[in-house]
Amino acid sequence: MDLALAEAHAAAAAGEVPVGAAIVDAASGALLASAHNRVERDRDPTAHAEMLAIRAAAAKRGQTRLEGCDLYVTLEPCAMCAQAIAFARLRRVYWGASDPKGGGVENGARIFSQATCHHRPELYGGIGESQSAALLRAFFQARR
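In this text, residue positions in the sequence shown follow the numbering used here: the first is 33, and each later residue adds one.
Shown next as structure tokens:
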């Protein structure tokens, strides 16, 4: 989670919503990819930290499925990212702050609870929650 938090700080410094993500091979502990939000920079509404990390990890592995890999992200994934997590077959998802407005895991669409969801990773929320939430609060307070 420390690397995801470092990515979130990099996002904030770049003027992006401070969300960071990292994907690790669970068996070896090797980092496959890390990323932060680049929505504004790339002018791409899908350039969320999770999506970018999934794309990079899949490219590094040379396969579409990331079975045996774990995702660490500083904010509860949105519905779009949760669906990508399911398609990528990630083993576990660890996230920091909950997202009552835009979350798609324990809030909102609750993608992994849907009967149509074909893969359900193990879910662990609240990891590094205070640091993640503080970073998000500071970012949005500075913009008001």
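Don't be surprised by glycine CBs; every beta carbon is placed ideally from N, CA and C.
Practice item. Output the boundary residues of the beta strand (DSSP E) element that contains residue 56. Key: 52-57
Point to revise | Where residue 68 falls: helix, strand or coil (DSSP) | key: strand
Review point. So residue 101 is in the beta strand (DSSP E); what residue range does that whole segment cover?
Key: 101-107
Review point. Terminal residues of the continuous alpha helix (DSSP H) containing residue 147?
Key: It is not in any alpha helix (DSSP H) - residue 147 carries neither H nor E in the DSSP assignment.
Exercise for review: Determine the closest residue to residue 166 out of 60, 106 and 92, with distance taken between C-alpha atoms.
Suggested key: 106
Practice item. Report the rounded CA-to-CA distance for residue 62 versus residue 133, giving the unit in angstroms. Key: 33 Å
Point to revise | Own chain residues within Cβ distance below 8 Å of residue 112, not counting five before or after | key: 78, 80, 83 and 136
Practice item. May I ask which residues mark the beginning and end of the alpha helix (DSSP H) holding residue 161? Key: Per DSSP, residue 161 is one residue of the alpha helix (DSSP H) stretching across 161-174.
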